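Contents: one structure, followed by commentary.
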Amino acid sequence: MLVLASCEVDSDLNIDQKNPSSVPSSGLFANGTRNFFDRINGWHENRLYAQYWAQTTYPEASQYVMTGLRNNVWATIYSNVLQDFKGAKELIIANNEENATNKLAIIDMMEVFAYSTLVDNYGDIPYTEALDSDNANPKYDDAATIYSDLMSRLSADIDNLDVTKAGFGAGQDPVYGGDVVMWKKAASSLLLRLALRVADVDASKASAMAIKGAAGAITVNDENFGINYLDASPNTNPIYADLVLSGRNDYVAANTLVDIMNPLNDPRMGHYFEKKDGVYTGGEYGTANAASGFSAISDQLKTADLKGTVISASEVAFLKAEAVARGINLGGTVSVHYDNAITLSITEWGGSEADASNYLTQSSIPYATANGDWKEKIATQKWIAMYGIPFEGWTAWRLLDKPTLNAPEGMSYSDIPTRILYPTTEAQLNGTAYNSAASKIGGDEKTTKLFWDKN
Amino acid sequence: MLYLDLTDRYDISSALPIDNNKYNYYAVSSSLIFDNLVNLPWLNFGKLRAGYAEVGNDLPANNVYDTFAVIDNFGSSSLFSYPGTKANSNLVPERTKEIEVGLETKMFNNKLSLDFSWYKKNTENQLMAVSTTTATGFSRKWVNAGEIQNKGVEVGLNYSPIRTKDFSWDINVNWSRNRNLVVSLYGETENIVLASYQGSITINATKGQPYGVIRGFGFKYDNNGNKIVDANGYYKSVSDQIIGDTNPEWNGGITNSIKYKNLKLNFLVDVQKGGDVYSLDMHYGQGTGLTSNTGGLNELGNPIRNSLADGGGVLNVGVTEDGAVNTTRARGDYYGGAFYWGNSSRNPSAMTVYDASYVKLRELALAYNMPKTLLGDKVSSASLSLVGRNLWIISKNVPYADPESGLGAGNAQGYLSGSYPTYRTVGLSLNIEF
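Heads up: the protein sequence lines correspond to chains L and X, in order. For the first sequence, this note's numbering begins at 2 and goes up steadily by one. For the second sequence, this note's numbering begins at 10 and goes up steadily by one.
See the structure below:
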């Protein structure tokens, strides 16, 4: 028996017609940027690790169980942020787009931000062999080497940003509406941040990069590097989505922050939290607190279109204070930068200049009279100020070892994490590379110290 | 008598890459009817068969060329993204090679018949969207992923002990056993995640293991195989362990048909031995205190839900880190205690892995054929039958759920989540032929 049938094979038949085969570079850039800002603002674990918030019925995350976070940081930044940036860069080059130099520098700066976030979470990560879909087993690179390369890239990006030319179109830039001057300030601020991360391990590079970064950094709150969220889902601030739209009551104020701010009569308290029975009271960090028993997260924070800031003028001023305290000569005194940082933070949250100057009249606040050495003074006030950028709050504690946090019940102080664990899937999907990285950094443990976490 | 069959078929698929879109299927099979050759009086029929076949397999459409995902606008910004799965323009057709030998016999006036077969099937270049580290930029990628081997035996036996004019009894037994093995995978990859589920559970193809092992947090064992219990009396857990194998050791079934005059009774008992399932229902059920094992009395005769100070709690069987027998009772008075759903340091997911063995009365049918004398001229035959299916789970080890109630689609075996009771169906049918 012989049967013959035939038809034409056309490759178009096998191309998904419901989805585009080619897209504009700016659509990939905007998507990667939005995903990055969403996650930095939406990883509430950082609000727990900084001990700004405590949990209610399910306290696991505040007890440092990292089940979701460890996978999510990795997966989001590599595949939902960096992959889109990579594609955007390729398209800009392939199509020889207008203002390519500025666009590439902006994307590169965002890539540096994303990679540094990975390093600051995990330590060693795939970098030189990352984002190659033909290499299923990318090796992990040394964190210090990556950091050094990131600072060099960022320094070049700042040089390449030409403020006389345009970047992405206003509509396709959800952060600065196409303003290259502002992008250059954000890139400079990031360079200042990265420089001070490595101050204890590479003082000369830290000094050079801090001076360069500080010279062009953000100085006022209007310039803050943040995405402008909208008031309708799915484009609201992730805090609004997770605390309001979800209908859940998972978080209350943590005693750690409330107990430090209360005696300081901090004018930001009412912006951070709601009163409970006439006072500000925090739930015990690391336990299951009654949702109705403690100060709630403020309504100000639960605003749908709250700007999602990831670098603020206040942070920049604290970084300058720290740099000068470390002997890096970028101008000004520690005290001036420190007082300025506090004032910028209070006004960022809606307080007045008068609130700030009142606050600074208390002897426990000004740099000259506050308790402790420079590290304790700067770390404590920076930690209070970084409530809106909680990853920097946790990192201030990691770098400067202050303020004193609370160890959850049954744990000791040395159990408080200094990094997050690699994703559970890495051992299965990229085992050889994972195992060698884990042993190189000193074990895939929550308490392994990152390369910049020396003193 | 010797028979030989040859077949071939040639396909061109539009779903595969243009350069590699052609494949053929062919099969050779031969059989030898040997009862005439051996001349044994008790042997009514005997046949030996052997066959070899290669089967090509296709790819689902739209997995060769990358496209982008369209994301809801962010204000005025239009957003596009790479999808999670990387397409691949270098795929080749999947190929399965199978060899099978078999024996069919009928003996003792056809009262006893036996059908036996053995097979070995190797699937090469298996087309799969495998999980990749997202450091590649994608969470999955279509690949030709290595080689999977299946080997097995199937036996069928029919026996008719009684066959008289009014009364007959037939017994049919079937039994099968399949062993599969992941021979090789994609590149250096030692493990491919086939499906991942809530509770940090994955179903995997692990090199050197059967296809479909369950991985998750496992118990921590000492060198003597004792489970290790922590200072608070909870089982310690270790990340990424093989905590179960979804493949059964064997399956079998026995059908009995008993016929007396016009009445016929049929029943089928199905058996599965071995295979594991993970139960998310028990994970949350225990964690929230819904299941009965979270209440009641402990070995001291005190309510488990009493505080430890009042003699409550659960004594987990195991040893402490230094090898002493555990004497610390784990808390049973709050959700974070002995029945808590666990994490990477304690209460491993292996706590809710169960043996999926079962014995079931799968079908029971009673039929009555109306005698011809009752039927008029116009009706040639009529029968009334009562059929019940899934009537009784005679034995099982999974608490509260049917071991077969898993999410069982494709690769996704061995995971119970939101299990419904299996339908028990009873039907009455009347057949009339004119």
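The beta carbon of each residue, even a glycine, is placed where N, CA and C say it ideally should be. Note that the structure is a prediction, hence the values are computed from the model and not measured.
Problem set entry | Residues near Glu330 of chain X in its chain [Cβ-Cβ closer than 7 Å; skip 5 each side] | In the second sequence, the residue the question calls residue 330 of chain X occupies position 321. The answer, listed in chain order, is Ile237.
For this session: Can you grab the Cα-Cα spacing for the pair Asp75 of chain X / Leu70 of chain L, in whole Å?
Result: Residue 75 of chain X sits at position 66 when you count from the first residue of the second sequence. Residue 70 of chain L sits at position 69 when you count from the first residue of the first sequence. Taking the straight line from one Cα to the other gives about 29 Å.
Problem set entry | Residue range of the alpha helix (DSSP H) that includes Ser358 of chain X | As a working mapping, residue 358 of chain X is identified with position 349 in the second sequence. Segment: none, Ser358 of chain X is in no alpha helix (DSSP H) and carries neither H nor E.
Exercise. Ala36 of chain X versus chain L: which residues are under 9 Å apart at the beta carbon?
Worked result: Locating residue 36 of chain X in the second sequence gives position 27, counting from the first residue. By Cβ distance, chain L contributes nothing, its closest Cβ being about 14 Å from Ala36 of chain X, past 9 Å.
For this session: Residues of the segment 90 to 120 of chain L with a CB closer than 7 Å to any CB of chain X: list them in chain order, please.
Result: none
Exercise. Closer than 6 Å: is that where the CB of Leu370 of chain X sits relative to any heavy atom of the ligand COA?
Worked result: With respect to the ligand COA, the structure offers nothing, as it holds no ligand at all.
For this session: Anything in chain L within Cβ reach of Ala2 of chain X, meaning under 8 Å, just list it in chain order.
Result: The structure shown does not extend to residue 2 of chain X, since chain X is modelled only from 10 to 443, so the question has no answer here.
Exercise. Does Leu88 of chain X have its Cβ less than 7 Å from a Cβ in chain L?
Worked result: Locating residue 88 of chain X in the second sequence gives position 79, where the first residue counts as 1. Chain L contact via Cβ: present.
Exercise. Is the segment 21 to 37 of chain X in contact with the segment 221 to 233 of chain L, if contact means three or more CB pairs nearer than 8 Å?
Worked result: no
For this session: Give the DSSP bridge partners of Arg188 of chain X, in chain order.
Result: As a first step, residue 188 of chain X is located in the second sequence; it is residue number 179 there, counting from the start. Answer by DSSP bridge pairing, in chain order: X:Lys160.
Problem set entry | Amino acids of chain L, ordered along the chain, whose beta-carbon sits closer than 9 Å to that of Gly217 of chain X | Sequence index remark: in the second sequence, residue 217 of chain X carries index 208 (1-based). Per Cβ cutoff of 9 Å: no residues; Gly217 of chain X is ~13 Å from chain L at best.
Problem set entry | Interface residues of chain L facing Val202 of chain X [CB-CB closer than 8 Å] | By one-based count along the second sequence, residue 202 of chain X stands at place 193. Those within 8 Å of Val202 of chain X in chain L are Thr426, Gln429 and Leu430.
Problem set entry | Interface flag, Arg40 of chain L vs chain X, CB-CB below 7 Å | On the first sequence, residue 40 of chain L is found 39 positions in, with the first residue counted as 1. Answer no: the Cβ-Cβ gap between Arg40 of chain L and chain X never drops below 7 Å.
Problem set entry | Closest Cα partner of Gly444 of chain L within the set L:Glu316, L:Asp125 and L:Leu151 | Mapped onto the first sequence, residue 444 of chain L falls at position 443. The residue with the shortest Cα to Cα distance from Gly444 of chain L is L:Asp125.
Problem set entry | Which listed residue (L:Ala314, L:His45 and L:Pro391) has its alpha carbon closest to that of Asp251 of chain L | Position 250 of the first sequence, counted from the start, is the residue given in the question as residue 251 of chain L. Asp251 of chain L has its Cα closest to that of L:His45, out of L:Ala314, L:His45 and L:Pro391.
For this session: For the beta strand (DSSP E) containing Ser248 of chain X, list its first residue and its last residue.
Result: Translated into positions along the second sequence, residue 248 of chain X becomes position 239. Unbroken beta strand (DSSP E) run through Ser248 of chain X: Ser246 to Asp254.
For this session: Answer yes or no: does any C-beta atom of chain X fall closer than 7 Å to that of Leu49 of chain L?
Result: In the first sequence, counting from the first residue as 1, residue 49 of chain L sits at position 48. Taking Cβ atoms only, chain X never reaches closer than 7 Å to Leu49 of chain L, which makes this a no.
Exercise. If you draw a straight line from the C-alpha of Thr1 of chain L to the C-alpha of Glu354 of chain L, how long is it?
Worked result: A query on residue 1 of chain L cannot be resolved here, the shown segment of chain L reaching from 2 to 456 and no further.
Problem set entry | Status (buried if at least 16 other CB within 10 Å, exposed otherwise) for Phe117 of chain X | If you number the second sequence from 1, residue 117 of chain X lands on position 108. Exposed, since its Cβ has fewer than 16 Cβ neighbours within 10 Å.
Problem set entry | Which residues DSSP lists as bridging Glu442 of chain X, in chain order | Counted from its first residue, the second sequence places residue 442 of chain X at position 433. Bridge partners of Glu442 of chain X: X:Ser390.
Exercise. Is the Cβ-Cβ distance between Ile80 of chain X and Asn32 of chain L less than 7 Å?
Worked result: Taking the second sequence and counting its residues from 1, the one referred to as residue 80 of chain X is at position 71. Taking the first sequence and counting its residues from 1, the one referred to as residue 32 of chain L is at position 31. Closer than 7 Å, so yes.
For this session: At 7 Å on the CB atoms, spell out the chain X contacts of Asp85 of chain L, in chain order.
Result: As a working note, residue 85 of chain L is residue 84 in the first sequence. The contacting residues are Ser90 and Tyr91.
Exercise. So is Asn290 of chain L in contact with chain X if we call contact Cβ pairs under 7 Å?
Worked result: Position 289 of the first sequence holds residue 290 of chain L. Output row for Asn290 of chain L: interface = no.
Problem set entry | Within chain L, the residues that Val64 of chain X reaches when beta carbons sit closer than 8 Å | Within the second sequence, the letter at position 55 stands for residue 64 of chain X. By Cβ distance, chain L contributes nothing, its closest Cβ being about 17 Å from Val64 of chain X, past 8 Å.
Problem set entry | Opening and closing residue of the beta strand (DSSP E) in which Ala214 of chain X lies | The count along the second sequence starts at 1 and reaches residue 214 of chain X at position 205. Note, Ala214 of chain X: beta strand (DSSP E), Ile210 to Thr215.
Problem set entry | Gly65 of chain X beta carbon less than 7 Å from that of Tyr34 of chain X | The residue labelled residue 34 of chain X in the question sits at position 25 within the second sequence. The residue labelled residue 65 of chain X in the question sits at position 56 within the second sequence. Yes. Within cutoff.
For this session: Just list the alpha helix (DSSP H) runs in the segment 280 to 366 of chain X, keeping only unbroken ones of 4 residues or longer that don't cross its boundaries, in chain order.
Result: 289 to 296
Exercise. Which partner residues of Lys129 of chain X appear in the DSSP bridge assignment?
Worked result: Position 120 of the second sequence, counting from 1, holds the residue named residue 129 of chain X. Lys129 of chain X pairs with X:Ile108 and X:Lys160.
Problem set entry | For Thr215 of chain X, the nearest candidate out of X:Ile252, X:Gly294 and X:Leu121 (CA to CA) | Start at 1 with the first residue of the second sequence, and residue 215 of chain X comes out as number 206. Here the closest residue by C-alpha is X:Ile252.
For this session: Taking C-beta pairs closer than 9 Å, name the residues in chain L that Ala24 of chain X reaches, listed in chain order.
Result: Against the second sequence, residue 24 of chain X aligns to sequence position 15. Correct list: Leu14 and Asn15.
Exercise. With burial defined as no fewer than 16 other Cβ atoms inside 10 Å of the residue's Cβ, what is the status of Asp416 of chain L: buried or exposed?
Worked result: Your numbering for residue 416 of chain L matches position 415 in the first sequence. Exposed: under 16 other Cβ atoms inside 10 Å.
Exercise. Skipping 5 residues on each side, what residues in its chain have a beta carbon closer than 6 Å to that of Thr114 of chain X?
Worked result: Along the second sequence, read from residue 1 onward, the residue named residue 114 of chain X stands at position 105. Around Thr114 of chain X: Gly55 and Leu123.
Problem set entry | Rounded straight-line distance, which links the Cα of Gly351 of chain L to that of Leu265 of chain L | Walking along the first sequence from the start, residue 265 of chain L turns up at place 264. Walking along the first sequence from the start, residue 351 of chain L turns up at place 350. Cα-Cα distance, rounded: 18 Å.
Problem set entry | Listed by chain order, chain X residues near Gln173 of chain L by CB distance under 7 Å | Along the first sequence, one-based indexing puts residue 173 of chain L at 172. The contacting residues are Ser86.
For this session: Quick one: grab the DSSP three-state call for Phe43 of chain X.
Result: Start at 1 with the first residue of the second sequence, and residue 43 of chain X comes out as number 34. The answer is coil: DSSP assigns Phe43 of chain X none of H, G, I, E or B.
Problem set entry | Beta-carbon gap between Val74 of chain L and Asn122 of chain L smaller than 7 Å | For this step, residue 74 of chain L is matched to residue 73 along the first sequence. For this step, residue 122 of chain L is matched to residue 121 along the first sequence. Yes, these two residues count as a Cβ contact at 7 Å.
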